[in-house]
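Novice: Submitted below is the structure of interest, expressed as structure tokens.
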Amino acid sequence: MKISIVIPNWNGKDLLERNLPKVTEASEQAEIIIVDDCSTDGSVEYLKKLQNSTFRRNPPKEASLKLQTIFSKENLGFVRAVNRGVKQASGEIIVLLNNDVVPQKGFLEPSLRHFEDPKVFAISFYEPNWSWSRLKWVNGFVEHEPGPKVKATHISAWASGGSAAFRKTIWEELGGFDEIYSPFYWEDIDLSYRAWKRGYQVLWEPKSIVDHQHEQTIKRFPQKYVNFISQRNQLLFIWKNITDLKMMLEHKFYLVKRLLTSPGFWQPFLAAKARCPRIFWRRFKEFREKKVSDREILEKFA
Numbered sequence: 123m124k125i126s127i128v129i130p131n132w133n134g135k136d137l138l139e140r141n142l143p144k145v146t147e148a149s150e151q152a153e154i155i156i157v158d159d160c161s162t163d164g165s166v167e168y169l170k171k172l173q174n175s176t177f178r179r180n181p182p183k184e185a186s187l188k189l190q191t192i193f194s195k196e197n198l199g200f201v202r203a204v205n206r207g208v209k210q211a212s213g214e215i216i217v218l219l220n221n222d223v224v225p226q227k228g229f230l231e232p233s234l235r236h237f238e239d240p241k242v243f244a245i246s247f248y249e250p251n252w253s254w255s256r257l258k259w260v261n262g263f264v265e266h267e268p269g270p271k272v273k274a275t276h277i278s279a280w281a282s283g284g285s286a287a288f289r290k291t292i293w294e295e296l297g298g299f300d301e302i303y304s305p306f307y308w309e310d311i312d313l314s315y316r317a318w319k320r321g322y323q324v325l326w327e328p329k330s331i332v333d334h335q336h337e338q339t340i341k342r343f344p345q346k347y348v349n350f351i352s353q354r355n356q357l358l359f360i361w362k363n364i365t366d367l368k369m370m371l372e373h374k375f376y377l378v379k380r381l382l383t384s385p386g387f388w389q390p391f392l393a394a395k396a397r398c399p400r401i402f403w404r405r406f407k408e409f410r411e412k413k414v415s416d417r418e419i420l421e422k423f424a
């Protein structure tokens, strides 16, 4: 089973220098694709030097490393950068790792066995202090949170865009990350939810262990901007994916209530509304192709 590891990078030279050797050590036979998103911190020069030196070496360990680099001429954001990397990947299984993720040696083997089941779309890795994930319908909004800690493989509402493995054929069938969520947030939840609605499965594997120093790149953005994007994309997720009529009526009621009581919510609401024309056909597609209802999916994680 051929594996491709896709790592997006934006001004993360320090993280690449520290973590990339550990990634290659933990996955010697994998193809590694690094998508540099128009960095200005020396990442480009570092990656070019690394690639040249890698392919000049002859020892078996280095010979097995297949390093590819993609250099963007403009800043695409996380969502588009990942899609670009996956498009170039040749593996049957795509492993997405943020540049702040350090996998344990042998982390892939426990997850790969699950792909023997053709219905399995993705496997989320175990990040200490986290667990499988679930979605909840609370006062007309979809909210997400970690599920209770368990020791065995468990279903998960979504596979993390920063530390998970995906079956490429289903990724392509679903169209990958929806770029309506650019630059980041909710894209991995959206992709996994669309997989669930079509009858596929997403799992969490506690034996595939990675250390994830969360949001090392995101923290470079102002927190106010990050909160704005998160709230905007939460609305886009609901408007695009929730096709249950009663749930949408409930959402409209609580949306109006939130707008009346939280003036600050108008900004993400208007930003999401501006993207509504791009949602129409996506919503129609979800309604037409769904095999599992919204309530059935949410009940799995109640």
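The numbers in the numbering used here rise by one with no breaks, and the one at position 22 of the sequence shown is 144. Idealized CB from N, CA, C, for every residue including glycine.
Could you spell out where the alpha helix (DSSP H) holding I155 opens and where it closes?
Specialist: Not the alpha helix (DSSP H): I155 falls in the beta strand (DSSP E), residues E153 to D158.
Novice: What residues are listed by DSSP as bridge partners for D333?
Specialist: Beta-bridge pairing by DSSP links D333 to V224.
Novice: Can you say whether Q210 is buried or exposed, counting buried as having 16 or more other CB atoms within 10 angstroms of its CB?
Specialist: exposed
Novice: Report the residue from N133, E150 and K188 whose alpha carbon sits nearest the alpha carbon of V109.
Specialist: Nothing can be reported for residue 109, as the shown portion of the chain is limited to 123 through 424.
Novice: Could you name the residues that DSSP lists as bridge partners for S285?
Specialist: L219
Novice: Please name the residue, chosen from L381, Q335, E327 and M370, that lies closest to Q353 on a Cα-to-Cα basis.
Specialist: L381
Novice: Quick one: Cα of G207 to Cα of N261, how far?
Specialist: 37 angstroms
Novice: Please work out which residues of its chain come closer than 8 angstroms, Cβ to Cβ, to G199, disregarding the five sequence neighbours upstream and downstream, and give them in chain order.
Specialist: D159, S304, P305 and F306
Novice: Smallest Cα separation from S415: which of I215, D239, N174 and K368?
Specialist: K368
Novice: Could you compute how far the alpha carbon of S161 sits from the alpha carbon of E150?
Specialist: 26 angstroms
Novice: Here's a check: name, in chain order, each residue in its chain whose Cβ is nearer than 6 angstroms to the Cβ of E265, leaving out the five neighbours to either side.
Specialist: K258
Novice: Quick test of your reading: N205 and E301, contact by CB under 8 angstroms. State the CB separation rounded to the nearest angstrom.
Specialist: 7 angstroms
Novice: Check the DSSP bridge columns for H266 and list the partner residues they point to.
Specialist: DSSP output for H266 lists L257 as bridge partner(s).
Novice: Considering Cα atoms alone, identify which of Y376, S246, P240 and K271 is closest to I292.
Specialist: P240
Novice: Going by beta carbon distance, what residues of the same chain come within less than 8 angstroms of F350, once the five residues before and after it are set aside?
Specialist: Q389, P390 and A393
Novice: Look at the alpha carbon of R140 and the alpha carbon of F402, and state the distance between them as a whole number of angstroms.
Specialist: 44 angstroms
Novice: For I192 versus S126, is the C-beta distance shorter than 9 angstroms?
Specialist: no
Novice: Have a look at the DSSP bridge pairing and note the partners of H276.
Specialist: W326
Novice: Pull up the distance between the alpha-carbon of R289 and that of Y315, whole angstroms please.
Specialist: R289 and Y315: Cα-Cα distance of roughly 15 angstroms.
Novice: Does DSSP put T191 in a helix, a strand or coil?
Specialist: Reduced to three states, the DSSP call for T191 is strand.
Novice: Buried or exposed for P225, going by 16 or more other Cβ atoms inside 10 Å?
Specialist: buried
Novice: Output yes or no for whether 9 angstroms exceeds the beta carbon distance between S282 and D310.
Specialist: Cβ distance < 9 angstroms, so S282 and D310 count as in contact.
Novice: State the start and end residues of the unbroken alpha helix (DSSP H) segment that holds V204.
Specialist: F200 to Q210
Novice: What residues match up with I129 in a beta bridge as DSSP calls it?
Specialist: I156
Novice: Look up V242 in the DSSP assignment and give the residues it is bridged to.
Specialist: Q323
Novice: If you measure between the beta carbons of E223 and V145, is that distance less than 9 angstroms?
Specialist: Here the sequence assigns Val to residue 223, which means Glu is not the residue at that position. Yes. Within cutoff.
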